[in-house]
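Engineer: This is the structure I want to talk about, given as structure tokens.
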Amino acid sequence: MEPELANRIQTWLETRGIAYRLHAHSPTETLAEAAERSQLGLQCLVRAVLLSDAQGLVLAVLPANHLLDFHAIRERLGRDLQPVERQVAASAFPDCESGSVPPLGTPYGLTTLVHGPVFAQSTVCFEPGLHDRLVCMTGEAFAELHRDSERAGIARPLSVLESRDVREFTLPGQWERMPALQGLHPVEDIREQIATIDRLPAMPAMARRLLRLHNDPEADVSDLVEVVAGDPSLTAQILRYACSGFFNYAGRVETLEQAVTRVLGFETVLNMALGLAASKTFRNPADGPLGLQAFWRHAAYSAALAQTIASRHGGRLDLKPGVAYLAGLLHNFGFLLVGHLFRAEFFLLNKVIAANPQIPVVLIERRIIGATHMELGARLMQEWGMPEPVVTTLREHHNEMYNGEHDAYVDLVYLVDWLLRREGLGDGAEGEPPGGVLLRLGLELHQVDAILDACLSERQSLDALARQLAA
Numbered sequence: 001m002e003p004e005l006a007n008r009i010q011t012w013l014e015t016r017g018i019a020y021r022l023h024a025h026s027p028t029e030t031l032a033e034a035a036e037r038s039q040l041g042l043q044c045l046v047r048a049v050l051l052s053d054a055q056g057l058v059l060a061v062l063p064a065n066h067l068l069d070f071h072a073i074r075e076r077l078g079r080d081l082q083p084v085e086r087q088v089a090a091s092a093f094p095d096c097e098s099g100s101v102p103p104l105g106t107p108y109g110l111t112t113l114v115h116g117p118v119f120a121q122s123t124v125c126f127e128p129g130l131h132d133r134l135v136c137m138t139g140e141a142f143a144e145l146h147r148d149s150e151r152a153g154i155a156r157p158l159s160v161l162e163s164r165d166v167r168e169f170t171l172p173g174q175w176e177r178m179p180a181l182q183g184l185h186p187v188e189d190i191r192e193q194i195a196t197i198d199r200l201p202a203m204p205a206m207a208r209r210l211l212r213l214h215n216d217p218e219a220d221v222s223d224l225v226e227v228v229a230g231d232p233s234l235t236a237q238i239l240r241y242a243c244s245g246f247f248n249y250a251g252r253v254e255t256l257e258q259a260v261t262r263v264l265g266f267e268t269v270l271n272m273a274l275g276l277a278a279s280k281t282f283r284n285p286a287d288g289p290l291g292l293q294a295f296w297r298h299a300a301y302s303a304a305l306a307q308t309i310a311s312r313h314g315g316r317l318d319l320k321p322g323v324a325y326l327a328g329l330l331h332n333f334g335f336l337l338v339g340h341l342f343r344a345e346f347f348l349l350n351k352v353i354a355a356n357p358q359i360p361v362v363l364i365e366r367r368i369i370g371a372t373h374m375e376l377g378a379r380l381m382q383e384w385g386m387p388e389p390v391v392t393t394l395r396e397h398h399n400e401m402y403n404g405e406h407d408a409y410v411d412l413v414y415l416v417d418w419l420l421r422r423e424g425l426g427d428g429a430e431g432e433p434p435g436g437v438l439l440r441l442g443l444e445l446h447q448v449d450a451i452l453d454a455c456l457s458e459r460q461s462l463d464a465l466a467r468q469l470a471a
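In terms of full-length UniProt numbering, the sequence shown opens at residue 1 and continues consecutively.
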């Protein structure tokens, strides 16, 4: 018989004679979903975040509806701890399902720091290393399991995101390095700066040339090849994409002209080149959920998936595959602009998102910078004169209910983000399939799942493109 819990946790509970109740449910991706399906309040649930520094790993345990207070952790331990990458957490919890970090460190040999008020709860529930069940016990029993753990106030309620004092959840050591925030109400101050931005970054020269072609009804293949050939890196990226398994082209593709005329088509190459050329504007930090590595991996997958769905099913809605690729590639471009304009705030944003993956990115953005990547990205695209479907998609791609001009592209990218979030990529919505979006696009879930599987089979090509863009 398979164990009810991850092996080490089950052994830990049994050897200590801890009484618990088991709530089984269908598999979920978030604790909020698990609480809902188990008919438990989120306030009962605790979660864990694995942190590290040069001295090693620390497991932080806190209520599921709280944020980690990095400043308090540093004050308590004197250590500058940061969230670990997903693969590090998987190695630390080898008997747990990927993405499930149980709030019990001792069975895994981890130093553990617990938010003290957790033990005062009448009921404590948590994921026992599996995504389809919750373990519930009394606060006293949970405290017994943490006899050797350190206790401290290391978390703040989620409502802090709506308060005016960002100091409470600022990162270790970052307050002193944020002179723009000291002594100010940060949201209002950053909003002021955003409102008074009068000079956005200039569009790269290659992107300007490609945009002129995009707006020229007389432009042809020879014009496009001439412009793109001037950038060997861009040429190589397009050739690699044309040779990938997405298009099942049986012949050889050795020249840019062959890629355009035999495989991709004029519009797709033009939009792809435009997006790739525009991407060379910013050099943000490489690591973290908003770093260049994660950003371009998500962008590459989003573009390929959006283009493929548009190619196979977009005719009824007049979705052009090339525009779909461009919208998918650039829809989160606002993150790059935030990093370019507000480096200190971007660092904070990156780390808070890493430590609190269950909290919507948009909510954290509004608290820290007073604006979203959608607003800023759309403003930049409009300034650059990008196609209107792209501008609208950047502004509305988190809006499941958007109904207006170019809404098919918005729906498409919303759907792409939801699909990729299930694969651990990006900041899309979680939970049940977006039925309204699928209905408006005239698609069934099994259709887009099949396309997603086809795209994921080309991981090697997409990852290579992402690495080149992030380099």
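Built from N, CA and C at the ideal position, the CB exists for glycine as well.
If you're wondering where the values come from, they're calculated on a predicted model, not measured in any experiment.
Suppose you measure from the CA of Leu456 to the CA of Val101; what does that come to, to the nearest Å?
Structural biologist: As a first step, residue 456 is located in the sequence shown; it is residue number 456 there, counting from the start. As a first step, residue 101 is located in the sequence shown; it is residue number 101 there, counting from the start. Taking the straight line from one Cα to the other gives about 25 Å.
Engineer: According to DSSP, what are the bridge partners of Ala60?
Structural biologist: Counting from 1 along the sequence shown, the entry for residue 60 is found at position 60. Ala60 pairs with Val49 and Leu113.
Engineer: In this structure, how does DSSP classify Glu396 when only helix, strand and coil are distinguished?
Structural biologist: The residue given as residue 396 occupies position 396 in the sequence shown. Residue state, collapsed to three classes: helix.
Engineer: When we look at the beta-carbon of His131 and count the other beta-carbons within 10 Å, is it buried (16 or more) or exposed?
Structural biologist: The sequence position of residue 131 within the sequence shown is 131, counting from 1. Its Cβ being crowded by 16 or more others within 10 Å, His131 is buried.
Engineer: Candidates Ala35, Pro128 and Val46: which alpha carbon is nearest Gln10's?
Structural biologist: Stepping through the sequence shown from its first residue, residue 10 is reached at position 10. Ranking Ala35, Pro128 and Val46 by Cα distance to Gln10 puts Pro128 first.
Engineer: If we call anything under 7 Å between Cβ atoms a contact, is Leu51 one with Pro83?
Structural biologist: Taking the first residue of the sequence shown as 1, we reach residue 51 at position 51. Taking the first residue of the sequence shown as 1, we reach residue 83 at position 83. For Leu51 and Pro83, yes; Cβs fall inside 7 Å.
Engineer: Taking the beta carbon of Gly339 as the centre, do at least 16 other beta carbons fall within 10 Å, making it buried, or is it exposed?
Structural biologist: If you number the sequence shown from 1, residue 339 lands on position 339. When all chains shown are included, Gly339 counts as buried.
Engineer: Helix or strand or just coil, what does DSSP make of His66?
Structural biologist: Mapped onto the sequence shown, residue 66 falls at position 66. Strand.
Engineer: Since Met203 sits in a beta bridge, which residues does DSSP pair it with?
Structural biologist: By 1-based counting over the sequence shown, the position of residue 203 is 203. Met203 pairs with nothing; no bridge assigned.
Engineer: Check this for me: beta carbons of Pro103 and Arg8, under 7 Å apart or not?
Structural biologist: Translated into positions along the sequence shown, residue 103 becomes position 103. Translated into positions along the sequence shown, residue 8 becomes position 8. No, the pair does not count as a contact, with Cβ atoms beyond the cut-off.
Engineer: Determine the direct distance from the alpha carbon of Val135 to that of Leu425, and round the result to whole angstroms.
Structural biologist: Position 425 of the sequence shown holds residue 425. Position 135 of the sequence shown holds residue 135. When rounded, the distance between both Cα atoms is 28 Å.
Engineer: For Cys455, which of helix, strand or coil comes out of DSSP?
Structural biologist: Along the sequence shown, one-based indexing puts residue 455 at 455. It is helical.
Engineer: Can you list, in chain order, the residues of its chain whose CB lies under 7 Å from that of Ser279, leaving out five sequence neighbours each side?
Structural biologist: Your numbering for residue 279 matches position 279 in the sequence shown. Only Leu469 meet the Cβ criterion.
Engineer: Between which two residues does the alpha helix (DSSP H) containing Met374 stretch?
Structural biologist: Residue mapping note: residue 374 aligns to position 374 of the sequence shown, counting from 1. First-last of the alpha helix (DSSP H) with Met374: His373 to Trp384.
Engineer: How would you label Arg209, buried or exposed, when you count the other beta carbons within 10 angstroms and need 16 or more for buried?
Structural biologist: Taking the sequence shown and counting its residues from 1, the one referred to as residue 209 is at position 209. Under this definition Arg209 is a buried residue.
Engineer: From this set, Glu345, Leu305 and Met137, which residue's C-alpha is nearest residue 472's C-alpha?
Structural biologist: For the chain, the structure presents residues 1 to 471; residue 472 sits outside this window and is missing.
Engineer: Taking the alpha carbon of Leu336 as the point to measure from, which residue in Glu375, Ala464, Asp463 and Asp95 has its own alpha carbon closest?
Structural biologist: In the sequence shown, counting from the first residue as 1, residue 336 sits at position 336. It is Glu375.
Engineer: I think Leu412 touches Ala310, with their Cβ atoms under 8 Å apart; what is that distance to the nearest whole Å?
Structural biologist: Within the sequence shown, residue 412 is the residue found at index 412, counting from 1. Within the sequence shown, residue 310 is the residue found at index 310, counting from 1. 7 Å between Cβ atoms; contact.
Engineer: Where does Phe126 fall in DSSP's three states?
Structural biologist: What you label residue 126 is simply residue 126 of the sequence shown in a count that begins at 1. Of the three classes helix, strand and coil, the one that applies to Phe126 here is strand, per DSSP.
Engineer: How many angstroms separate the CA atom of Asp427 from the CA atom of Val361?
Structural biologist: The count along the sequence shown starts at 1 and reaches residue 427 at position 427. The count along the sequence shown starts at 1 and reaches residue 361 at position 361. Each residue's Cα considered, the two are about 7 Å apart.
Engineer: Once the 5 residues before and after Ala306 are set aside, which same chain residues still bring their CB inside 7 Å of it?
Structural biologist: As a working mapping, residue 306 is identified with position 306 in the sequence shown. Around Ala306: Ala324, Tyr325, Ala327, Gly328, Leu412, Val413 and Val416.
Engineer: Near Asp148, which residues of its chain fall below 7 Å by C-beta distance, leaving aside the five closest residues on each side in sequence?
Structural biologist: Locating residue 148 in the sequence shown gives position 148, where the first residue counts as 1. Excluding sequence neighbours, Asp148 sits near Thr106.
Engineer: Given this structure, state the Cα-to-Cα distance separating Glu366 from Leu349, to the nearest angstrom.
Structural biologist: The residue you call residue 366 lines up with position 366 of the sequence shown. The residue you call residue 349 lines up with position 349 of the sequence shown. Reading off the sequence, residue 366 comes out as Arg, not Glu. Their Cα atoms are separated by approximately 10 Å.
Engineer: What is the DSSP secondary structure of Val135, counted as helix, strand or coil?
Structural biologist: Here residue 135 corresponds to residue number 135 of the sequence shown, with the count starting at 1. The answer is strand: DSSP assigns Val135 an E or B state.
Engineer: Might you give, ordered along the chain, the residues of its own chain that have their beta carbon closer than 7 Å to the beta carbon of His398, omitting 5 neighbours on each side?
Structural biologist: By 1-based counting over the sequence shown, the position of residue 398 is 398. Val362 and Met374.
Engineer: Leaving out five residues before and five after Arg177 in sequence, what residues of the same chain have Cβ atoms less than 6 Å from its Cβ?
Structural biologist: Translated into the one-based positions of the sequence shown, residue 177 becomes position 177. Only weak support is given to the placement of Arg177: the predicted model assigns it a pLDDT of 37, under 50, and the question is left unresolved by the model.
Engineer: Between the C-alpha atoms of Pro179 and Phe347, what's the straight-line distance to the nearest angstrom?
Structural biologist: Within the sequence shown, residue 179 is the residue found at index 179, counting from 1. Within the sequence shown, residue 347 is the residue found at index 347, counting from 1. At Pro179 the pLDDT is 31, less than 50, meaning the model places this residue with poor confidence and gives no usable figure here.
Engineer: Go ahead and pull the three-state DSSP assignment for Leu181.
Structural biologist: The residue labelled residue 181 in the question sits at position 181 within the sequence shown. In this prediction, Leu181 scores a pLDDT of 29, lower than 50, which makes its location untrustworthy; the coordinate-derived value is nonetheless stated afterwards. Coil, per DSSP.
Engineer: Name the one or two DSSP bridge partners that Gln82 has.
Structural biologist: As a position in the sequence shown, residue 82 is number 82, starting the count at 1. BP columns for Gln82 point to Ser52.
Engineer: Which value, in whole angstroms, describes the spacing of the CA atoms of Asp95 and Trp12?
Structural biologist: Against the sequence shown, residue 95 aligns to sequence position 95. Against the sequence shown, residue 12 aligns to sequence position 12. Rounded to the nearest angstrom, the two C-alpha atoms are 13 Å apart.
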